[in-house]
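Numbering (this note's numbering), first residue to last: 392 to 761.
Backbone N, C-alpha and C fix where the C-beta goes; we use that ideal spot for every residue, glycine too.
These numbers come from a predicted model, not from an experiment.
Okay, so here's the structure we're looking at.
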Ligand SMILES: Nc1ncnc2c1ncn2[C@@H]1O[C@H](COP(=O)(O)OP(=O)(O)OP(=O)(O)O)[C@@H](O)[C@H]1O
Ligand SMILES: [Mg+2]
């Protein structure tokens with residue numbers, strides 16, 4: 392029986408086919424990564440299985456999820472060094488995986504759910520972004536412009552001009568992620584996000600094995616980078632608050648979210664002008680800085696990314712993460728503007744700075760925490 396003082400195992404109910412992926416994934420990475428012990432798999436009903444794992448918090452193996460650790464460090468309640476150490480441990484694990492099981496493979500040999508399935512014609516990206524009812528709303532005039540009509544607009548984001556072209560971004564990702572495309576892949580957990588990684592005394596403890604198996608290292612890095620930049624501190628808590636509460640035990644209020652200082656859409660001049668800030672607390676800033684430092688050094692090398700162009704090489708995977716996680720019709724007009732700005736920046740990564748730029752909170756206003 393589960394009680395507050397002696398909680399039982401962590402139980403995950405899944406449709407049988409997903410339970411198959413989860414168990415297969417766990418078996419593939421268990422010898423290589425720190426993971427909870429898999430205790431038992433039982434049939435709940437005709438279509439549902441339950442997998443019981445060691446509860447890593449009850450067993451004392453782990454103290455905090457990555458997302459909670461970042462939020463505590465953002466508030467000055469955990470050392471930023473602990474965040475840096477956990478990101479380093481994640482990067483070290485990916486490099487170890489590359490050494491042990493890394494090889495160049497076709498994308499078709501990799502777990503398809505997060506990338507291949509979403510980019511295929513008629514898949515999630517097409518369904519979401521070819522929807523004619525998807526509009527951007529001008530903040531001043533209230534005028535709604537279909538997203539598709541913005542193709543070819545000049546987007547000036549924080550004084551840098553980009554071309555706005557969602558269909559081209561989707562097409563480019565589709566060409567880059569064709570099934571025969573060759574990537575450095577390894578046996579990894581497959582979804583390295585803030586609610587899937589916990590801090591243990593031994594480094595990173597990996598949870599959630601639905602996508603574990605052979606994955607591209609570029610996809611793994613893009614996933615974590617976009618989570619740190621946008622999903623973790625902003626989009627998931629804002630637009631999927633139930634997921635945020637369910638997956639992060641502390642689920643603290645966000646330290647800061649991106650803010651638009653000026654947005655102007657001119658259909659006459661086919662221009663979007665946007666000024667925004669991307670404030671990040673010290674915990675998140677440390678995580679981002681550390682991951683980017685590893686991306687441009689040993690992690691990028693292990694992932695087979697070209698020296699000096701590591702971020703550009705992530706582009707198709709970043710496009711999938713930017714567009715393919717939160718349904719755009721759920722976003723506020725401001726959030727859709729910001730996402731379009733990030734997408735435009737991601738298509739022009741010859742100068743990576745605008746895409747990864749975050750404003751340290753200490754340089755901006757002081758925030759009062761509730
Ligand atoms: N072994 C475990 N011990 C303690 N807590 C766990 C364990 N595994 C997962 N959790 C917690 O439960 C949350 C949800 O579990 P998990 O990530 O496996 O499923 P999920 O998030 O529902 O799947 P998906 O990420 O595909 O939506 C995790 O974010 C983590 O907070
Ligand atoms: Mg999860």
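Collapsed DSSP secondary structure at residue i in the structure displayed
{"i": "residue 594", "result": "strand"}
{"i": "residue 552", "result": "strand"}
{"i": "residue 530", "result": "coil"}
{"i": "residue 611", "result": "helix"}
{"i": "residue 537", "result": "strand"}
{"i": "residue 645", "result": "coil"}
{"i": "residue 624", "result": "helix"}
{"i": "residue 631", "result": "coil"}
{"i": "residue 585", "result": "coil"}
{"i": "residue 736", "result": "helix"}
{"i": "residue 446", "result": "coil"}
{"i": "residue 639", "result": "coil"}
{"i": "residue 454", "result": "strand"}
{"i": "residue 566", "result": "helix"}
{"i": "residue 656", "result": "strand"}
{"i": "residue 419", "result": "helix"}
{"i": "residue 524", "result": "coil"}
{"i": "residue 742", "result": "coil"}
{"i": "residue 722", "result": "coil"}
{"i": "residue 396", "result": "Summary for residue 396: the model assigns pLDDT 45, below 50, so the residue's position carries little reliability, and this model does not support an answer."}
{"i": "residue 599", "result": "coil"}
{"i": "residue 428", "result": "coil"}
Cα-Cα separation, residue i to residue j
{"i": "residue 667", "j": "residue 647", "result": "13 Å"}
{"i": "residue 676", "j": "residue 683", "result": "11 Å"}
{"i": "residue 552", "j": "residue 483", "result": "37 Å"}
{"i": "residue 513", "j": "residue 599", "result": "27 Å"}
{"i": "residue 605", "j": "residue 577", "result": "5 Å"}
{"i": "residue 419", "j": "residue 579", "result": "8 Å"}
{"i": "residue 715", "j": "residue 521", "result": "13 Å"}
{"i": "residue 540", "j": "residue 645", "result": "34 Å"}
{"i": "residue 556", "j": "residue 422", "result": "44 Å"}
{"i": "residue 651", "j": "residue 558", "result": "24 Å"}
{"i": "residue 593", "j": "residue 724", "result": "43 Å"}
{"i": "residue 575", "j": "residue 424", "result": "19 Å"}
{"i": "residue 433", "j": "residue 649", "result": "44 Å"}
{"i": "residue 398", "j": "residue 713", "result": "37 Å"}
{"i": "residue 719", "j": "residue 625", "result": "14 Å"}
{"i": "residue 509", "j": "residue 563", "result": "14 Å"}
{"i": "residue 633", "j": "residue 459", "result": "15 Å"}
{"i": "residue 523", "j": "residue 480", "result": "44 Å"}
{"i": "residue 446", "j": "residue 586", "result": "15 Å"}
{"i": "residue 466", "j": "residue 515", "result": "36 Å"}
{"i": "residue 769", "j": "residue 440", "result": "Given that the chain is displayed from residue 392 to residue 761, the structure contains no residue 769 and the question cannot be resolved."}
{"i": "residue 468", "j": "residue 693", "result": "34 Å"}
Short Cβ contact (8 Å threshold) for residue i with residue j
{"i": "residue 721", "j": "residue 630", "result": "yes"}
{"i": "residue 635", "j": "residue 628", "result": "yes"}
{"i": "residue 679", "j": "residue 671", "result": "yes"}
{"i": "residue 403", "j": "residue 413", "result": "yes"}
{"i": "residue 547", "j": "residue 658", "result": "no"}
{"i": "residue 529", "j": "residue 656", "result": "yes"}
{"i": "residue 674", "j": "residue 464", "result": "yes"}
{"i": "residue 570", "j": "residue 507", "result": "yes"}
{"i": "residue 661", "j": "residue 532", "result": "no"}
{"i": "residue 698", "j": "residue 734", "result": "no"}
{"i": "residue 411", "j": "residue 505", "result": "no"}
{"i": "residue 457", "j": "residue 589", "result": "yes"}
{"i": "residue 601", "j": "residue 485", "result": "no"}
{"i": "residue 400", "j": "residue 443", "result": "yes"}
{"i": "residue 736", "j": "residue 746", "result": "yes"}
{"i": "residue 708", "j": "residue 613", "result": "yes"}
{"i": "residue 607", "j": "residue 501", "result": "yes"}
{"i": "residue 653", "j": "residue 665", "result": "yes"}
{"i": "residue 704", "j": "residue 560", "result": "no"}
{"i": "residue 572", "j": "residue 472", "result": "no"}
{"i": "residue 669", "j": "residue 742", "result": "no"}
{"i": "residue 685", "j": "residue 740", "result": "no"}
Residue i - partner residues in DSSP beta bridges
{"i": "residue 668", "result": "650"}
{"i": "residue 406", "result": "439"}
{"i": "residue 750", "result": "670"}
{"i": "residue 731", "result": "Note: residue 731 sits in no beta bridge, so no partner."}
{"i": "residue 578", "result": "605"}
{"i": "residue 544", "result": "555"}
{"i": "residue 573", "result": "497"}
{"i": "residue 401", "result": "444"}
{"i": "residue 518", "result": "None; residue 518 has no bridge partner."}
{"i": "residue 378", "result": "The structure shown does not extend to residue 378, since the chain is modelled only from 392 through 761, so no value can be given for it."}
{"i": "residue 663", "result": "546 and 656"}
Interface flag, residue i vs chain D, CB-CB below 8 Å
{"i": "residue 645", "result": "Structure shown: chain D not included; a single protein chain is present."}
- Whole runs of the beta strand (DSSP E) within the segment 461-513, excluding any shorter than 3 residues: 494-497
- Write down every uninterrupted run of the alpha helix (DSSP H) in the segment 687-717 whose length is 4 residues or greater and which is fully enclosed by it, in chain order. 689-693, 701-704 and 706-714
- Within the structure, which residues are defined as neighbours of ligand 4 by a Cβ-heavy atom distance below 6 Å, reported in chain order? Questions concerning ligand 4 fall outside what the structure shown contains, since the ligands it does hold are ligand 1 and ligand 2.
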